[in-house]
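Undergrad: What follows is a structure written as structure tokens; I'll ask about it next.
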Amino acid sequence: MKDLTLSELIFILAIWRLEENAYGVTIRKQIARVTGKTHTYGTLYSSLDQLFKKGYVTKSAGPPTPERGGRSKIFYRLSPEGREALKAAHKLQREIWKGIPEFSLDKT
Amino acid sequence: MNPEHPKPPPLALRMLNRIAIQGEEYSPLGDLEEEYNEMAKVIGADRARFWFWMQTLKAIPSFTKHKIYWSIQMFKNYMKIALRNIRRHKGYSFINIFGLAVGIACCILIFLWVQDEFSYDKFHENGDNLYLVGTHQRLGARTATTSGTPPALGPAFKEEYPEIVNSVRFCNGPHALIFAYGEKRLRENVEAVDGALLEMFTFPLLRGNPKTTLTKPHSLVMTERMAQKYFNTEDALGKIIRVENKYDFEVTGVLKNLPRHSFLQFDCLVPIEFLKEHWNAPDHLDTWYNFSFTTFVQLHENASPQEVEEKTAGRIMKGHPDDDVTPFLRSYTQLYLYGLGTGGGRITRVRMLSLIAVFVLIIACINFMNLTTARAGNRAKEIGMRKVTGAFRWDIIKQFYGESILMAFLSLLFAVLLVIILLPVFNSLTGKEIIFNPSHNLSLILTLLGATLLTGLIAGSYPALFMSSFQPVKIMRDTSGIGSKSSLFRKILVVLQFSISITLIIQTLVIYKQLNYMRTRDLGFNREHLVYIPVNGNLRQHYEAAKQELQLVPGITQVSLTSRTPLIFGSSGNGWDWEGKSPQIDPMARYFCCDFDFVKTFKMKMVQGRFFSKERTPAASPQSGQLVINEEFARIIGNENPVGMRLSHSSYHGTIIGVINDFNYFPLYYRSGPLIIFYKTYNPSPGHHFYRYIFARIRPDNVPQTIASIEKIYKKFNPEFPFTFRFLDEDYNHLYRSEEQASVIFRYFATLAVLISCLGLFGLASFLAEQRTKEIGIRKVMGSSIQGIVVLLSKQFLKWVAVANIIALPIAWYLSYRWLQNYPYRTITGVWVFILTAAMTLLIALLTVSYKSIKAARSNPVDSLRYE
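These protein sequence lines are chains A and B, in that order. Take any residue in the first sequence, note its place counting from 1, add 58, and you have its number in the numbering used here. Take any residue in the second sequence, note its place counting from 1, add 287, and you have its number in the numbering used here.
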């Protein structure tokens, strides 16, 4: 399995954290809260689409609601592959940061 | 509306709707609206609306990218399917593409031709201000419209009306004069004109000054082509050329060769003043009485032709009070196409051919529509699949339109190839020099692309709209009914197609019949074996001697001297008076002059009385003479026995001595009306030149020897002149060229129309036979004969063609009736034309259909029933 890119990691983590409630609006907000970057829905959905194609996430439609102009929410969940990739990424991150305290990065 | 859920700005929403990623598994629109709702509650609707707009605008780039990506994917798929279909069904594709290609090629050729016709006389700088002066002459209840004007009109118009800046006169009639320079002696067509011609019209001079070239009476302007003929590479300017072995002309200008797209065509020009000397009539150019001049005027830029027409309305009658003649103006640039505006003209042919082009294209489109809808059943499963996997109706419509446009463009490629191959043939058919050069012809490219696109859209519209309406469930369950659902529509189209073809065939036959009629009609005299030579040079003094010598030639049976040939008939006049004439009638009679032997030479008949004879016809005087009239004139006089009556014209009193049979002294486009034949001349003033031609009736055997003898006699009198002779029947053969061209063109296009229609019928027949394979198998198993099945399969097609015949025959009859009204002497359409056409179309249809029907009927039922 290929390593996740940083932006993929950000998306997958956001979806994982939102658990049952991961859909367009919440994912966008979550990512904005963590990284400070706001996506437009165009880029948001093309990124989500990439994740879906690679098999990291699954989609399911919820019931239509009036706030959304009668449109359904599309919920995203992590697939088993997504979960595996997330674990692998976590492990890799731990490994590469091992023994490096934050203050030492200030040294020249 | 629910106040708790305010709506986002509708325009932005609509924009998003157009471009956003659509489908069940995406919901950006819902997300946006949800967030908007939340924000509206927190920060207010206005700011939320602003936010929504910002989001919309920001989303555009990535949404668009997505959209384009997917349309390319779908387009690729559509292309693939379309190409597979073309390849899989080679026969049908060939019929479709080839039929359309022929249709488009026809249209391109006709478009080029029409474009060429419309490009005449566009090069004159003053073109918009140039007008021909024509005349309306009221003759009782009838108005005669001609381009003839008296010679005094041009100068008077220019002088008296400030709106008329310039004017030029042409002298009508053929002026073939003999030109001699060094060893070269040739006959050239000369126009006698006013010098203003070169200022008004844009015919650029290579040498010489346009203002002064035609000022001296013996100056001459020739085209580059003619200068090359006489002087080769030498400078023509200042050269002296001898005309009619009598006058010496100085070349004062050389014109650039006239463009092909010029209504006026001439090789050389001489000043109109020269005619005074040539005709020995010093006041000839100042008269208001001779209507044998053509006048063009140039109006001032701001002048309106209507106003000028009103102002000049009475001007001719001021100089010529005897007749009711009014001048009118006709735009020069329209002259080529529209003539004098009295109907007819080349524009009729332009319209007729354009109509044919459209018809041929319609026939080709019908093929396409028919085959595609008939075979819809084969595509039904595909459409069902597409719909099941999420295609909207619009997607299917797009796909089928795309396919037909693709076919149309493939056809365009073939059509261009066909045009390149056929253009030389087409040029020789129509007598044009059209070049096919799309890169220099923007309007052609645009028309081509536009027409092809339109063809694709029209041809594809029925299949696209029809097939997209299929309901997937029905299609998947049962495909057999789909093709037949549209069969009524197909029937109508086939009937339409054949109706057009039948109309074209009948027109072709009628044109051919009329042409044949004109060629072979009994003209009232025998035109075979008549040779004529012009009376020119010394012959003018010695024609009697020449005639006597010619009569001695063994190959010649009769010789006659005449003022005209039956195809070039000159003067006419009204104002004749007789006893008991009713004041309402004033016939315009043609004049003809000849000697005693005219009736014998032309093998005509005297209906009453006798013809002129040596013993009983005295020399004519200005006061009296003997006259022969034709039957038409006798009918107008209304006396049963006009022989012995007196016909008077002012101070002249003639005696009618005989009535000659009505003969056609005009091309058959015109009715040959009343005629007066004079002995020798109708104008017995001294020096009047009356005989212009010597006609000789020769024996059909040993023609070359006879001609050689004629030449010897001619040369004896006219050693300086080249010998020219013509056969009268050859003149007639050249006469009806425009009918001949129309006949040939119609023949080709009618054949094409029938061919394309049959192609379509063939495709349809083979498809239906294929569809009924199992039915045929079962019928054969049950004991049906081959003939029975062939009849079964062919019957319906023949029924359609029969219906087409029933519809088309009256229409075609009416059209041919209208067309024949143009001709005063016309053939009758004849029942057999219709019977022949009906039989022919039925037979062709039967042959087309029977090939496939017989093949289907003969197939082994085991093969067709094996699979179930």
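Yeah, the Cβ is synthetic: ideal placement off N, Cα and C, and Gly gets one too. The structure displayed is predicted, hence computed values, not measured ones.
One question on the structure: do B:Gln913 and B:Tyr966 come within less than 8 angstroms of each other, judged by their Cβ atoms?
TA: Cβ distance < 8 angstroms, so B:Gln913 and B:Tyr966 count as in contact.
Undergrad: CA-CA distance, A:Leu64 and B:Ser358?
TA: Distance between the alpha carbons of A:Leu64 and B:Ser358 is about 31 angstroms.
Undergrad: Hey, could you find the ends of the beta strand (DSSP E) B:Val538 is sitting in?
TA: Counting along the chain, the beta strand (DSSP E) containing B:Val538 begins and ends at 534-542.
Undergrad: Report back the beta-carbon spacing between B:Thr582 and B:Thr432 to the nearest angstrom; my notes put them in contact at under 8 angstroms.
TA: Contact flag wrong, Cβ pair sits at about 15 angstroms.
Undergrad: So is B:His1021 buried or exposed if we call it buried at 16+ other beta carbons inside 10 Å?
TA: With fewer than 16 other Cβ atoms within 10 Å, it is exposed.
Undergrad: According to the neighbour-count rule (16 or more other Cβ atoms, all chains shown, within 10 Å of its Cβ), is B:Ala906 buried or exposed?
TA: Per the 10 Å Cβ criterion, exposed.
Undergrad: What does B:Leu298 touch in chain E if you count any residue whose Cβ is under 8 angstroms from its own?
TA: In the displayed structure, chain E is absent; the protein chains listed are A and B.
Undergrad: Spell out whether any CB of chain B is found under 8 angstroms from the CB atom of A:Ile68.
TA: It does not: the Cβ of A:Ile68 has no partner Cβ on chain B nearer than 8 angstroms.
Undergrad: Can you pull the chain B neighbours of A:Lys112, defined as C-beta to C-beta under 8 angstroms?
TA: In chain order: nothing, as chain B lies at least about 15 angstroms away.
Undergrad: List the residues of chain B that A:Lys131 touches, going by C-beta distances under 9 angstroms, in chain order.
TA: The contacting residues are Ser314, Gly317, Asp318, Glu321.
Undergrad: Quick one: what does DSSP say B:Met288 is sitting in, helix, strand or coil?
TA: Low confidence applies to B:Met288: its pLDDT is 42, below 50, so where it sits in the model is not reliable enough to give any reading.
Undergrad: Who are B:Val584's beta bridge partners in DSSP?
TA: Note: B:Val584 sits in a beta bridge opposite B:Tyr418, B:Ser454.
Undergrad: CA-CA distance, B:Asn714 and B:Trp575?
TA: C-alpha separation (whole angstroms): 44 angstroms.
Undergrad: Tell me the DSSP secondary structure of A:Lys156 in three-state form.
TA: In the structure shown, A:Lys156 sits in coil (DSSP, three-state: anything other than H, G, I, E or B).
Undergrad: Could you check whether B:Lys1142 and B:Phe1049 sit closer than 8 angstroms to each other, using their CB atoms as the reference points?
TA: Contact flag unset, no.
Undergrad: Is there at least one Cβ from chain A nearer than 8 angstroms to B:His353's Cβ?
TA: Closer than 8 angstroms: yes.
Undergrad: Using the C-alpha atoms, what's the distance from B:Leu780 back to B:Ile451?
TA: Going from the Cα of B:Ile451 to the Cα of B:Leu780 covers about 57 angstroms.
Undergrad: Which of the three DSSP states is assigned to B:Arg903 in this structure?
TA: Coil.
Undergrad: Identify the continuous alpha helix (DSSP H) that holds B:Pro614 and give its terminal residues.
TA: Here B:Pro614 belongs to no alpha helix (DSSP H); instead the beta strand (DSSP E) covers 611-618.
Undergrad: Look up B:Tyr468 in the DSSP assignment and say whether it is helix, strand or coil.
TA: DSSP places B:Tyr468 in strand when its eight states are reduced to three.
Undergrad: Using 10 angstroms around the beta-carbon of B:Asp882, count the other beta-carbons present and answer buried if the total reaches 16, otherwise exposed.
TA: B:Asp882 is buried by the Cβ-count criterion.
Undergrad: Name the chain B residues whose beta carbon is nearer than 7 angstroms to that of A:Leu83?
TA: Looking at the sequence shown, residue 83 of chain A is not Leu but Val. By Cβ distance, chain B contributes Asp318, Glu321, Glu322.
Undergrad: Output yes if chain B places a C-beta closer than 8 angstroms to the C-beta of A:Ser162; else output no.
TA: Taking Cβ atoms only, chain B never reaches closer than 8 angstroms to A:Ser162, which makes this a no.
Undergrad: Would you mind telling me which residues of chain B sit closer than 7 angstroms to A:Arg126, beta carbon to beta carbon, in chain order?
TA: Going along chain B in sequence order, the residues near A:Arg126 (Cβ under 7 angstroms) are Gly317, Glu320, Glu321.
Undergrad: My output table needs one value for B:Ile355: the three-state DSSP class, helix, strand or coil.
TA: Helix.
Undergrad: If you pair each beta-carbon of the stretch 138-156 of chain A with each one of the stretch 65-76 of chain A, do three or more pairs fall below 8 angstroms?
TA: Yes, the stretch 138-156 of chain A is in contact with the stretch 65-76 of chain A.
Undergrad: Hey, does A:Thr93 have any beta-carbon neighbour from chain B nearer than 8 angstroms?
TA: So no, A:Thr93 is outside the interface.
Undergrad: Note down the Cα distance separating A:Ile89 from B:Leu744, rounded to an integer number of angstroms.
TA: In a straight line, the C-alpha of A:Ile89 is about 49 angstroms away from that of B:Leu744.
Undergrad: Using a cut-off of 8 angstroms between C-beta atoms, extract the partners of B:Pro348 located in chain A.
TA: Per Cβ cutoff of 8 angstroms: Gly100.
Undergrad: The alpha helix (DSSP H) spanning B:Ser996 covers which residue range?
TA: Counting along the chain, the alpha helix (DSSP H) containing B:Ser996 begins and ends at 990-1004.
Undergrad: Give the straight-line distance between the Cα atoms of B:Ile650 and B:Ser1103, rounded to the nearest whole angstrom.
TA: Roughly 21 angstroms separates the two Cα atoms.
Undergrad: Just the C-alpha distance for B:Thr599 and B:Thr739, rounded to the nearest angstrom, thanks.
TA: When rounded, the distance between both Cα atoms is 51 angstroms.
Undergrad: Taking Cβ-Cβ distances shorter than 7 angstroms, what residues in chain B pair up with A:Ser104?
TA: What A:Ser104 touches in chain B: Ser349, His353.
Undergrad: Look at the alpha carbon of B:Ile944 and the alpha carbon of B:Arg933, and state the distance between them as a whole number of angstroms.
TA: Whole-angstrom Cα-Cα distance: 9 angstroms.
Undergrad: With H, G and I counted as helix, E and B as strand and the rest as coil, what does DSSP make of B:Ala523?
TA: Here B:Ala523 sits in coil by DSSP.
Undergrad: Which residues in chain A sit within 9 angstroms of B:Gln342, going by Cβ to Cβ distance?
TA: Those within 9 angstroms of B:Gln342 in chain A are Thr98, Tyr99.
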